[in-house]
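Asker: Residue numbers (the UniProt record's numbering): 1 to 270.
#1: Please tell me whether, using a cut-off of 7 Å, the distance from the CB of residue 101 to the nearest non-hydrogen atom of the ligand COA is below it.
#2: With distance defined between alpha-carbon atoms, name the residue in 72, 149, 200 nearest to residue 191.
#3: Just list the alpha helix (DSSP H) runs in the segment 47 to 126, keeping only unbroken ones of 4 residues or longer that don't cross its boundaries, in chain order.
#4: Pick helix, strand or coil for residue 9, following the three-state DSSP scheme.
#5: Hey, how far is the Cα of residue 178 from the Cα of residue 94?
#6: Counting along the chain, where does the alpha helix (DSSP H) carrying residue 204 start and finish?
#7: Quick one: grab the DSSP three-state call for residue 191.
#8: Using beta-carbon positions only, say whether residue 182 and residue 153 come within less than 8 Å of one another.
#9: Can you tell me whether residue 241 is helix, strand or coil according to DSSP?
#10: Tell me the rounded alpha-carbon separation between residue 97 and residue 115.
#11: For my contact list, residue 105 and residue 119 are in at a C-beta cut-off of 8 Å; report their separation, rounded to the angstrom.
#12: Is residue 167 buried or exposed, if buried means 16 or more other CB atoms sit within 10 Å of its CB?
#13: If we call anything under 8 Å between Cβ atoms a contact, is residue 102 one with residue 128?
#14: Spatial neighbours of residue 111 within its chain, please: CB distance less than 7 Å, with the 5 preceding and 5 following residues excluded, ordered by chain position.
#15: Name the DSSP beta bridge partners of residue 15, please?
#16: Helix, strand or coil, according to DSSP, for residue 155 in the structure here?
#17: Within 10 Å of its beta-carbon, does residue 70 have 16 or more other beta-carbons around it, so buried, or fewer, so exposed?
#18: Quickly, what does DSSP pair residue 142 with across the bridge? List them, please.
#19: Decide if residue 81 is buried, meaning its Cβ has at least 16 other Cβ atoms within 10 Å, or exposed.
#20: Mapping the DSSP letters down to three states, classify residue 129 as helix, strand or coil.
#21: Between the C-alpha atoms of residue 234 and residue 66, what's the straight-line distance to the nearest angstrom?
#22: How is residue 171 classed by DSSP in three states: helix, strand or coil?
#23: Where does residue 269 land, buried or exposed, given buried means 16+ other C-beta within 10 angstroms?
#24: By a C-beta neighbour count over all protein chains shown, 10 Å radius and 16 as the cutoff for buried, is residue 42 buried or exposed?
#25: Under a three-way DSSP split, which group does residue 221 fall into?
#26: Near residue 300, which residues of its chain fall below 8 Å by C-beta distance, leaving aside the five closest residues on each side in sequence?
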């Protein structure tokens with residue numbers, strides 16, 4: 001008779017069962033942690049994606065404008081000093097007279113959705129007597145005419161500069177470009193009409209100036225305000241011109257549609 005050895009299985013000890021349960025719990029916790037990390041990454045990516053999208057939408061919504069601005073007037077009235085003060089916040093007593101034309105660029109964050117770049121053309125005082133002003137004035141959308149409050153003769157020449165400007169450059173609708181008169185060097189004793197503000201108001205209204213300001217490049221008086229006034233008027237004109245163009249396009253579209261319908265009715269055999 002053959003005896004078969006049998007193997008008796010003994011139940012696991014309490015310690016082994018505890019270890020096994022602990023391993024299961026640890027695995028569950030690790031899975032939960034990994035899931036939480038995955039969710040967090042997904043939410044972070046979504047958030048970043050939304051942020052990038054919003055930034056792109058903001059960039060697309062921004063309006064950028066480039067405007068050519070003339071700065072004209074008699075020799076020695078402080079045109080270059082005004083530009084240097086406005087663009088670079090700098091003043092010097094030792095500028096040389098401008099020959100021909102010089103340029104400067106000023107960038108304005110006008111509002112949350114608008115960037116304005118001003119291309120300032122500093123035109124020499126003697127250029128009014130030359131043949132190049134029509135070339136210099138071309139495509140300008142605004143201007144400053146500058147005179148020196150200490151020299152009445154420079155004020156007398158203002159009307160000639162304004163007439164020359166109006167004759168050589170206009171807006172698309174044929175009207176005069178906005179022009180602001182600057183009574184410069186107001187930190188010094190003044191001569192002439194500039195001592196009577198109400199008379200100056202009347203003078204500017206009669207000659208089509210947008211506004212006038214007493215300015216000082218030396219003491220930085222009213223230069224920013226004068227520029228804001230001119231840019232506001234340019235933006236206003238730009239908005240009106242675009243609105244008129246849209247209205248004209250709509251009217252043209254309506255007329256074209258009406259003409260097509262009339263043409264069809266004429267060719268209809270009914």
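For each residue, glycine too, the CB sits at the ideal point set by N, CA and C. What you are looking at is a predicted structure, and each value in this text was computed from that prediction instead of being measured.
Answerer: The short version:
#1: Absent from the structure shown: the ligand COA. Ligands present: none.
#2: Locating residue 191 in the chain shown gives position 191, where the first residue counts as 1. The residue with the shortest Cα to Cα distance from residue 191 is 149.
#3: 79 to 88
#4: For the purposes of this step, residue 9 is taken as residue 9 along the chain shown, with counting starting at 1. Low confidence applies here, because residue 9 scores a pLDDT of 49, under 50, leaving its location unreliable; read the following figure in that light. Reduced to three states, the DSSP call for residue 9 is coil.
#5: Locating residue 178 in the chain shown gives position 178, counting from the first residue. Locating residue 94 in the chain shown gives position 94, counting from the first residue. Distance between the alpha carbons of residue 178 and residue 94 is about 31 Å.
#6: The residue labelled residue 204 in the question sits at position 204 within the chain shown. Its alpha helix (DSSP H) spans residues 197 to 206.
#7: For the purposes of this step, residue 191 is identified with residue 191 of the chain shown, where counting begins at 1. Coil.
#8: To locate residue 182, count along the chain shown from 1; it is residue 182. To locate residue 153, count along the chain shown from 1; it is residue 153. Not a contact, by the Cβ cut-off of 8 Å.
#9: Here residue 241 is taken as the residue at index 241 of the chain shown, counted from 1. Of the three classes helix, strand and coil, the one that applies to residue 241 here is helix, per DSSP.
#10: Stepping through the chain shown from its first residue, residue 97 is reached at position 97. Stepping through the chain shown from its first residue, residue 115 is reached at position 115. Distance between the alpha carbons of residue 97 and residue 115: 32 Å.
#11: As a first step, residue 105 is located in the chain shown; it is residue number 105 there, counting from the start. As a first step, residue 119 is located in the chain shown; it is residue number 119 there, counting from the start. With a Cβ gap of about 6 Å, residue 105 and residue 119 count as contacting.
#12: Position 167 of the chain shown holds residue 167. Classification for residue 167: exposed.
#13: As a position in the chain shown, residue 102 is number 102, starting the count at 1. As a position in the chain shown, residue 128 is number 128, starting the count at 1. In this structure, residue 128 does not lie closer than 8 Å to residue 102 by Cβ.
#14: Position 111 of the chain shown, counting from 1, holds the residue named residue 111. Hits under 7 Å: none found.
#15: Position 15 of the chain shown, counting from 1, holds the residue named residue 15. Beta-bridge pairing links residue 15 to no other residue.
#16: The residue labelled residue 155 in the question sits at position 155 within the chain shown. Residue 155: helix per DSSP, three-state reduction.
#17: The count along the chain shown starts at 1 and reaches residue 70 at position 70. Buried: at least 16 other Cβ atoms inside 10 Å.
#18: As a first step, residue 142 must be located in the chain shown, where it is residue number 142. Note: residue 142 sits in a beta bridge opposite 69.
#19: As a working mapping, residue 81 is identified with position 81 in the chain shown. So residue 81 ends up on the buried side.
#20: Position 129 of the chain shown, counted from the first residue, corresponds to residue 129. Helix.
#21: The residue you call residue 234 lines up with position 234 of the chain shown. The residue you call residue 66 lines up with position 66 of the chain shown. So the two alpha carbons sit approximately 11 Å from each other.
#22: Looking up residue 171 in the chain shown gives position 171. Correct three-state label for residue 171: coil.
#23: For the purposes of this step, residue 269 is identified with residue 269 of the chain shown, where counting begins at 1. Bear in mind that the predicted position of residue 269 carries a pLDDT of just 49, short of 50, making it unreliable; the figure below should be weighed with that in mind. Exposed, because fewer than 16 other Cβ atoms sit within 10 Å of the Cβ of residue 269.
#24: By 1-based counting over the chain shown, the position of residue 42 is 42. With fewer than 16 other Cβ atoms within 10 Å, it is exposed.
#25: To locate residue 221, count along the chain shown from 1; it is residue 221. Residue 221: strand per DSSP, three-state reduction.
#26: Lying outside 1 to 270, the shown extent of the chain, residue 300 is not represented and no answer is given.
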